[in-house]
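Q: Dropping a structure here in structure tokens format, bear with me for questions.
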Amino acid sequence: MSPKVFSIKRFTFTFVICAVLNGCMMYGDGTPPQVKLPDQWPATQNASQEKSLPLYPWWKELKSDELNELVSESLKNNRQILQSINNIEQAQAQLDTVKLGWLPSLNFFGGSINGNTTLFFQGLSVPVANVGGFVGFLPTYVVNLLQQPARQNQAGQILEASQADYLAVRTTMIAQVTTAYVAVLVSERQTQILQDMRESLKKRAEIVSALAARGLATEYGQNQLEIELNAISGQLAQNNANHQAAQNALLILVGRGIGRIKTQQSIDQINTDVPSPGNMPASVVATRPDVAAARARLDATNYGVTATASALFPSISLNALVTNIKTTQNGANASSNANFQAAYAALVLDPKIIGAISSSNAIYRSAAIAYVEVVNSALRETDDALSGYEAQRVKLGHDTEAFSKAKNNLKISESMFRQGLLSQSQFLENKAQFNLVEAAVTQTKLTELIAIAKLYQSMGGGSIYEESNLEISNGKVQPTQK
0 MSPKVFSIKR FTFTFVICAV LNGCMMYGDG TPPQVKLPDQ WPATQNASQE
50 KSLPLYPWWK ELKSDELNEL VSESLKNNRQ ILQSINNIEQ AQAQLDTVKL
100 GWLPSLNFFG GSINGNTTLF FQGLSVPVAN VGGFVGFLPT YVVNLLQQPA
150 RQNQAGQILE ASQADYLAVR TTMIAQVTTA YVAVLVSERQ TQILQDMRES
200 LKKRAEIVSA LAARGLATEY GQNQLEIELN AISGQLAQNN ANHQAAQNAL
250 LILVGRGIGR IKTQQSIDQI NTDVPSPGNM PASVVATRPD VAAARARLDA
300 TNYGVTATAS ALFPSISLNA LVTNIKTTQN GANASSNANF QAAYAALVLD
350 PKIIGAISSS NAIYRSAAIA YVEVVNSALR ETDDALSGYE AQRVKLGHDT
400 EAFSKAKNNL KISESMFRQG LLSQSQFLEN KAQFNLVEAA VTQTKLTELI
450 AIAKLYQSMG GGSIYEESNL EISNGKVQPT QK
């Protein structure tokens, strides 16, 4: 053997070994990047005991049967949820397609021969001449025993990511329906308050106008009341627009068309004393759907690198040709079979595979960075939601106390007015002050209820409520064990 031939063989052997080792080293080991989780939330937490958040119907704490029905309706009819289900079906179809890669393909063919030459085929007992026909089929089985499982696992992780996305959409829709419903109730209550304030201002304006006619009131006082009346009318118009926008949002979220909705409850009937869940950071990360989706996408890219590196390994090919040939020779008909089988392993030494492995590995690293970012975002959002809810809860407590005192003062003013100790104008002015406090506490109820919805959304609350096919734990979404 010449030194040149030996050098080429040694180079080829070295290339194969290095490529195989490089491919093996480039794909991850299936373990997601470690993110340091705090033992407790930095935010002050007035929490209850730890809950099974994915199954917990937190919105029922608001004590509204109407809201419960709307949430259930949205989980069945919301278009974003339906789109997420469709995405799952697409991912499942893709997985089923990949699984079919284990099966052989079957090619059928046929044709005719017409010529002046006699043909002889090895293994065929009769010559083929003049006219004739043939039919056959070719079963072919080609598989890379390392690449096929990797592709299948990759498709499985893509399916899991779509399932986690579906649970994340459910979590978001529950929070949005709750927020929209509360906004409808609050805007209805604000309308009542503003209308009451407008009527009081109109009466005060009539009184001042009568006093001014007798020289007992100034034009300045009349103008001031007109300014306040115009401001209230403007606020009322804006509130009506907000009310319609909230109704449209709610109706779209539950899968209906825009319009009006007749509510059965008032904001005063909604329970606002809802304790925050006592789940610690590790528990939240383990069951939050978007974290599970990021983990599944990371695993999918991991298997993608494995599948790409597996191209360095041989593919097994099994073939069998089965034919039947009919011929006509000098007016005599004859037929025979010509069959063969073949089996071989193909190894493609393509340097571009190394580049493809590097590209896949870069995609894996990008997915790993995205996973860490999602986990950190989940921690930040939850802690912010905890502190935000605690602040709104405390504020609502103070506003409720102020409202109670304002309500008591209104009763005193009404009693004094009936006893002739206050004029009607003074009583109406005190009533306007009460209305302002009532409007403030109503607005605080809205922000507090939005905060609790945001908190449970950030913790992944209710993601698998009324969902019998999936479960989520330890950062993974799996089919329900039945």
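Numbering-wise (numbering that gives the first Met the number 0), the sequence shown opens with residue 0 and increments by one. Built from N, CA and C at the ideal position, the CB exists for glycine as well. Note that the coordinates shown come from a computational prediction; the quantities given were computed from them, not determined experimentally.
Which word fits residue 275, buried or exposed, when buried means at least 16 other C-beta atoms lie within 10 angstroms of its C-beta?
A: The residue is buried, with at least 16 neighbouring Cβ atoms inside 10 Å.
Q: Where does residue 257 fall in DSSP's three states?
A: The answer is coil: DSSP assigns residue 257 none of H, G, I, E or B.
Q: Measuring only the C-alpha atoms, how far is residue 459 from residue 429?
A: If I take the Cα positions, the gap works out to 46 angstroms.
Q: Straight-line CA distance for residue 359 to residue 368?
A: Residue 359 and residue 368: Cα-Cα distance of roughly 14 angstroms.
Q: Could you tell me whether the Cβ atoms of residue 97 and residue 316 are closer together than 8 angstroms?
A: No, they are not a contact pair.
Q: Rounded to whole angstroms, what is the Cα-Cα separation between residue 272 and residue 390?
A: When rounded, the distance between both Cα atoms is 13 angstroms.
Q: Could you spell out the range, first to last residue, of the beta strand (DSSP E) harbouring residue 471?
A: Per DSSP, residue 471 belongs to the beta strand (DSSP E) from 469 to 472.
Q: Which partner residues does residue 190 have in the DSSP bridge list?
A: Bridge partners of residue 190: none, in fact.
Q: Under three-state DSSP, which class holds residue 107?
A: Reduced to three states, the DSSP call for residue 107 is strand.
Q: Applying the criterion that 16 or more other CB atoms from any shown protein chain within 10 Å of the CB defines a buried residue, is residue 256 buried or exposed?
A: By the 10 Å Cβ count, residue 256 comes out exposed.
Q: What is the DSSP secondary structure of residue 98, reduced to helix, strand or coil?
A: Reduced to three states, the DSSP call for residue 98 is helix.
Q: Looking at the secondary structure, which residues open and close the alpha helix (DSSP H) in which residue 406 lies?
A: Counting along the chain, the alpha helix (DSSP H) containing residue 406 begins and ends at 351 to 417.
Q: What residue range does the beta strand (DSSP E) around residue 477 cover?
A: Segment 475 to 478, the beta strand (DSSP E) holding residue 477.
Q: Ordered along the chain, which non-local residues of its own chain (more than five positions away) have a Cβ less than 7 angstroms from that of residue 471?
A: These residues qualify, in order along the chain: 53, 166, 286, 288, 291, 462, 463.
Q: Could you check which residue in 386, 284, 480 has the C-alpha nearest to that of residue 375?
A: Nearest option by C-alpha distance: 284.
Q: Indicate whether residue 61 and residue 269 have their beta-carbon atoms separated by less than 8 angstroms.
A: Against a cut-off of 8 angstroms, the Cβ pair of residue 269 and residue 61 comes out as a contact.
Q: Considering Cα atoms alone, identify which of 379, 192, 305 is closest to residue 353.
A: Comparing Cα-Cα distances from residue 353 to each of 379, 192, 305, the minimum goes to 305.
Q: If you draw a straight line from the C-alpha of residue 7 to the C-alpha of residue 312, how long is it?
A: With a pLDDT of 48 at residue 7, under the threshold of 50, the modelled position of that residue is not reliable, and the figure given next carries that caveat. Each residue's alpha carbon lies about 20 angstroms from the other.
Q: Out of 48, 440, 365, 423, point me to the one whose CA is closest to residue 400's CA.
A: Closest by alpha carbon: 440.
Q: How long is the line joining the alpha carbons of residue 474 and residue 162, rounded to whole angstroms?
A: Rounded to the nearest angstrom, the two C-alpha atoms are 12 angstroms apart.
Q: Restricting to Cα atoms, I'd like to know which of 105, 172, 42 is closest to residue 137.
A: The shortest Cα separation from residue 137 among 105, 172, 42 belongs to 105.
Q: Output yes or no for whether 8 angstroms exceeds the beta carbon distance between residue 452 and residue 177.
A: Yes. Within cutoff.
Q: In whole angstroms, what separates the C-alpha of residue 477 from that of residue 384?
A: Whole-angstrom Cα-Cα distance: 28 angstroms.
Q: For residue 457 and residue 246, I'd like the C-alpha separation in whole angstroms.
A: One C-alpha to the other measures close to 24 angstroms.
Q: Residue 145 lies in the alpha helix (DSSP H); which residues open and close that run?
A: Where residue 145 is concerned, there is no enclosing alpha helix (DSSP H), given that its DSSP letter is neither H nor E.
Q: When burial is assigned at 16 or more other CB atoms within 10 Å of the CB, is residue 226 buried or exposed?
A: Residue 226 comes out exposed.
Q: Using 8 angstroms as the Cβ pair cut-off and three pairs as the minimum, do the stretch 147 to 162 and the stretch 198 to 210 touch?
A: Touching, no, given that fewer than three Cβ pairs across the two stretches are closer than 8 angstroms.
Q: Pull up the distance between the alpha-carbon of residue 58 and that of residue 65, whole angstroms please.
A: So the alpha carbons of these two residues sit roughly 11 angstroms apart.
Q: Count Cβ pairs between the stretch 396 to 414 and the stretch 172 to 187 that sit closer than 8 angstroms; are there 3 or more?
A: These segments do not touch.
Q: Do you know offhand how far residue 366's Cα is from residue 372's?
A: So the alpha carbons of these two residues sit roughly 10 angstroms apart.
Q: May I ask you to report which of helix, strand or coil DSSP gives residue 246?
A: Helix.
Q: Give me, in chain order, the residues of the same chain whose beta-carbon lies closer than 8 angstroms to that of residue 86; leave out the 5 immediate sequence neighbours on both sides.
A: Only 161, 164, 165 meet the Cβ criterion.
Q: Could you check what DSSP says for residue 77 in three-state terms: helix, strand or coil?
A: It is coil, neither helix nor strand.
Q: Taking a contact to mean a Cβ-Cβ separation below 8 angstroms, would you say residue 408 touches residue 192 in this structure?
A: No, Cβ-Cβ distance for residue 408 and residue 192 is not below 8 angstroms.
Q: Under three-state DSSP, which class holds residue 40?
A: Coil at residue 40, not helix or strand.
Q: For residue 146 and residue 307, I'd like the C-alpha separation in whole angstroms.
A: Distance between the alpha carbons of residue 146 and residue 307 is about 7 angstroms.
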